[in-house]
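Participant: Residue numbers (our numbering): 388 to 1325.
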């Protein structure tokens, strides 16, 4: 029994009774021995503590141990029973936190000449040691946690074990690694602890929905395969001639970029060959069936394969290996492939059919192909069956050496829309593209860097941004040694004639050298910048050098009579003229002029590109340019502006002089008061550049600046500063109204004082201090607007003085409350009078603005009257048309819509502030002339 490989270290104390005859015959000893660690432990030794209760009889060649134990730092061994030279029957229980210190002992049991094996993990074993002590049998139940044997590893292993010099047997074993669980029964016949090549073996393995990725390490495999494996396998034979077979089923399969729902078949390993038969693979409606045989190499004979595969209704969309985000493929594939021979050069034949093949959303039609191989050379032929166009090709590969290949593809009227959109990232093709040409490919499959591709395109046409482009002369491209070279390319279209030449290399630092010259229709830029709408032509002469990471662009563009509008920007450019010079890493504006909003613009500055986002530093000078911003406002201004920043965030700053501000049609003072709480709204934009644009603009007015809207005109002076963003602008400063007139609720007011102060930095809510006067009959009414625009306070007074109710009645009805009562048949004012006034205002506000603009009248008003509310006896409506001929002369025409007889014509001439002359023809046909004098007494 090998004790030395245990490497134990201890001092032994024995308390026993020993008897013997002379010459130590018939020796017997009974007692207790205590083991304790020594004071010094050398490297490689294991300190132990033990208590052994023994009864030894020499004549029996056995020792009886009673409730004994041996303890090491990582294990505990309990012993009880008989340990004899011929007939051991010892009960043992081992609990080891780490099996590694027991390795030498276990390997010594396997034989002095056996190759050592490394075993580790937490192990528990409870059983018996039986038989001859020189070759004992270990039988019992074992458990292992985080156990390993050489390169194999298990999270958990458990079962019944019998280990003797004649056999190793596992029964009812359960093995777990990760999510995989395997049931195992196994028997190995041994010869003196050794498993020889001729030793028989048998095995039964049961696997249910076990992840293949957890099983592969147990077999020493590392393939990119994921699936749930189920199967019942039987093994037998000898170590040198094993046999292993059984049915299997796979679910949720992912292998080498391919996916399948499920697969099933019959696996067999025997006679140096692996056979997978009766295979069925399912993916949706697709199905692949076949057989596969792999025969291992033997002596001089190479490894060989035999295969026979058939596939039907396979969805190409499900083959992830060939899919890309920019170029998704689709269609339905069927194939047949069979062959046999050496693995590297089999003889094979096959057919392929792709129905409704599509790239992106473009359906091309049906493609058919044939494969033939004689073991030395393989050839593939392909042809299309499309409604329009034709594509066919052939590829030959030498099966051996460097796997040299050579092939060609011929296209006739082939639709290239999706490929142009993907390769050139053009998303705005407005018509179908077509190509006629020949493509040649050659090189070595073992050395992809040697693959060459040559394209000789006789005809290439495509519509982009509604411009038809086509090549002039052959278009020649070449790909060699990871370099794309444009040998000859000339593209012509409407106002476009462009020559391109040069190369781009994709190895090393990826150098680039491209040159382009000619004329380009600026409308094509809309495809690269969707928010840009450009027209006109540009003369191009530029070169791109350097690397793809840091390109250097030199040359320039010359524009003549071009125009451009960008997204939601409120002003477009027309008659653009000038030069744009590329200076390696920046674009310089030289003598660039344009017109915008009726004014002239001079542009200068640079745009830097290269590392990071594009950086702007542009200056603009303009005179008398109209800008519609924010919503509802139109400015006539000039000045100097500067745009500085990047595409991620920029600032527009400068100083402008405002000559005129027009407010939107339909604007009136009442509308402004009712909507002031909401503030001024800037137009929303989807452009990231405009959303991140900051303002810092100082604005001042000219000497005769005007503020106008429908029915109002003022002279003003202003000093404002515009801050904030495009969608949330902020104004700070003031506007001083010097004088002017406006119409409000049917009356014309003269401005006597007006100040508008913008002082709130977080919203547009100016402080008002405006005073305006109007004359109604002989009364002069003064209105005061004070406070914030969101909550204005209205004050009013009259001269001569009137009660507040009379002033309101005078403003609303054109007469005082006393006059209204005199005209009414009763002293009690009808409640319908207020409703009539409100209805009059509602109707007038809907139609008056449009009619005033259509016919050019100063004021249009509709007054509905109910029977009994005035001198009219019948329910009717009255229309009032007023025209201010001159500053002091007004003509008013009033008519009843139900009778042409009730017409009123009034001419009023204001001689001065205190004297006016009124000529009237009333509804009864009576003429009158009034001269009014106004005198104030203090």
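Ideal placement from N, C-alpha and C gives every residue a C-beta, glycine not left out.
Given 8 Å as the limit, is there contact between the stretch 725-737 and the stretch 692-700, that is, 3 or more CB pairs closer than that?
Facilitator: Counting Cβ pairs under 8 Å, three or more are found: they touch.
Participant: Kindly examine the ligand NAD and report whether one of its heavy atoms sits closer than 6 Å to the Cβ of residue 618.
Facilitator: The ligand content of the structure shown is nil, which means the ligand NAD is not present either.
Participant: Exposed or buried, what is residue 567 when buried is set at 16 or more other beta-carbons lying within 10 Å of its beta-carbon?
Facilitator: Result: buried.
Participant: Using a Cβ-Cβ cut-off of 6 Å (strictly less than) and excluding sequence neighbours within five positions of residue 1306, which residues of its own chain qualify?
Facilitator: The residues are 1294 and 1316.
Participant: Beta-carbon separation of residue 620 and residue 592 under 7 Å?
Facilitator: Yes, Cβ-Cβ distance for residue 620 and residue 592 is below 7 Å.
Participant: How long is the line joining the alpha carbons of residue 415 and residue 423, rounded to whole angstroms?
Facilitator: Computed Cα separation, rounded: 25 Å.
Participant: Within 10 angstroms of the Cβ of residue 1036, are there 16 or more other Cβ atoms? Answer buried if so, exposed if not.
Facilitator: Looking at its Cβ environment, which holds fewer than 16 other Cβ atoms inside 10 Å, residue 1036 is exposed.
Participant: Rounded to whole angstroms, what is the Cα-Cα separation between residue 1319 and residue 1039?
Facilitator: Taking the straight line joining both Cα atoms gives about 57 Å.
Participant: Within this structure, are the beta carbons of residue 824 and residue 802 separated by less than 7 Å?
Facilitator: Taking 7 Å as the Cβ cut-off, residue 824 and residue 802 do not qualify as a contacting pair.
Participant: If you scan the stretch 567-626 from start to end, which runs of the alpha helix (DSSP H) of 4 or more residues do you find wholly inside it?
Facilitator: Whole alpha helix (DSSP H) segments, 4+ residues: 599-606.
Participant: Under 8 Å Cβ to Cβ from residue 448, same chain only, skipping five residues before and after it: list those, please.
Facilitator: Same-chain partners within the cutoff: 471, 472 and 473.
Participant: Where are the alpha helix (DSSP H) runs, 4 residues long or more, that stay fully inside the stretch 1161-1204, in chain order?
Facilitator: Runs found: 1191-1200.
Participant: According to DSSP, is residue 354 helix, strand or coil?
Facilitator: The structure shown has nothing for residue 354, since the chain only spans 388 to 1325.
Participant: Compute the beta-carbon to beta-carbon distance between residue 563 and residue 541, rounded to the nearest angstrom, for a pair I have assumed lies under 8 Å.
Facilitator: Residue 563 to residue 541, Cβ: 7 Å. Contact.
Participant: If you check the beta carbons only, do residue 827 and residue 789 fall under 7 Å apart?
Facilitator: For residue 827 and residue 789, no; Cβs fall outside 7 Å.
Participant: Secondary structure at residue 520, three-state DSSP: helix, strand or coil?
Facilitator: Residue 520: coil per DSSP, three-state reduction.
Participant: Tell me, which residues are paired with residue 1009 by DSSP?
Facilitator: Paired residues: 988 and 1026.
Participant: Report the partner residues of residue 696 according to the DSSP bridge assignment.
Facilitator: Per DSSP, 677 and 724.
Participant: Using the three-state DSSP reduction, which class does residue 638 fall into: helix, strand or coil?
Facilitator: Of the three classes helix, strand and coil, the one that applies to residue 638 here is strand, per DSSP.
Participant: By how many angstroms is the C-alpha of residue 466 removed from the C-alpha of residue 596?
Facilitator: Approximately 41 Å between the Cα atoms of the pair.
Participant: With DSSP as the reference, label residue 481 as helix, strand or coil.
Facilitator: Residue 481: strand per DSSP, three-state reduction.
Participant: Please determine, among 1011, 1000, 461 and 1019, the residue with the shortest C-alpha to C-alpha distance to residue 1031.
Facilitator: The option with the nearest alpha carbon to residue 1031 is 1000.
Participant: So, helix, strand or coil for residue 1293, using DSSP?
Facilitator: In this structure, residue 1293 counts as strand in the three-state DSSP scheme.
Participant: Evaluate the contact criterion for the stretch 1007-1018 versus the stretch 985-994: three or more CB pairs, one atom per stretch, below 8 Å.
Facilitator: Output reads yes: the stretch 985-994 touches the stretch 1007-1018.
Participant: Note the first and the last residue of the continuous beta strand (DSSP E) segment covering residue 493.
Facilitator: Premise fails: residue 493 lies in the alpha helix (DSSP H), 490-496, not in any beta strand (DSSP E).
Participant: Starting from residue 451, trace the alpha helix (DSSP H) both ways and give me its first and last residue.
Facilitator: Where residue 451 is concerned, there is no enclosing alpha helix (DSSP H), although the beta strand (DSSP E) it sits in stretches over 449-459.
Participant: Who are the Cβ neighbours of residue 1136 in its own chain at under 8 Å, not counting the five residues just before and after it?
Facilitator: 1128, 1129, 1130, 1159, 1160, 1161 and 1170, listed in sequence order.
Participant: To the nearest whole angstrom, what separates the beta carbons of residue 589 and residue 626, a pair I think is in contact under 8 Å?
Facilitator: So it is not a contact: roughly 12 Å between Cβ atoms.
Participant: Leaving aside the five residues before and after residue 437 along the sequence, list all residues of the same chain whose C-beta is less than 8 Å from its C-beta, in chain order.
Facilitator: 397, 420, 421, 422, 455, 456, 457 and 458.
Participant: Expressed to the nearest angstrom, what Euclidean distance is found between the alpha-carbon atoms of residue 907 and residue 925?
Facilitator: Going from the Cα of residue 907 to the Cα of residue 925 covers about 5 Å.
Participant: Under three-state DSSP, which class holds residue 410?
Facilitator: If DSSP states are grouped into helix, strand and coil, residue 410 belongs with the helices.
Participant: What number of angstroms, rounded off, separates the C-alpha of residue 864 from the C-alpha of residue 833?
Facilitator: Taking the straight line joining both Cα atoms gives about 24 Å.
Participant: Which same chain residues end up closer than 6 Å to residue 947 when comparing Cβ atoms and leaving out the 5 residues on each side of it in sequence?
Facilitator: Only 964 meet the Cβ criterion.
Participant: DSSP state of residue 706, grouped into three classes?
Facilitator: DSSP places residue 706 in coil when its eight states are reduced to three.
Participant: Do you know whose CA, among 800, 729, 844 and 753, lies nearest residue 787's CA?
Facilitator: Nearest option by C-alpha distance: 729.
Participant: Name the residue from 1193, 733, 719 and 764 whose alpha carbon lies nearest to the alpha carbon of residue 753.
Facilitator: Of the listed residues, the one whose Cα sits closest to residue 753 is 719.
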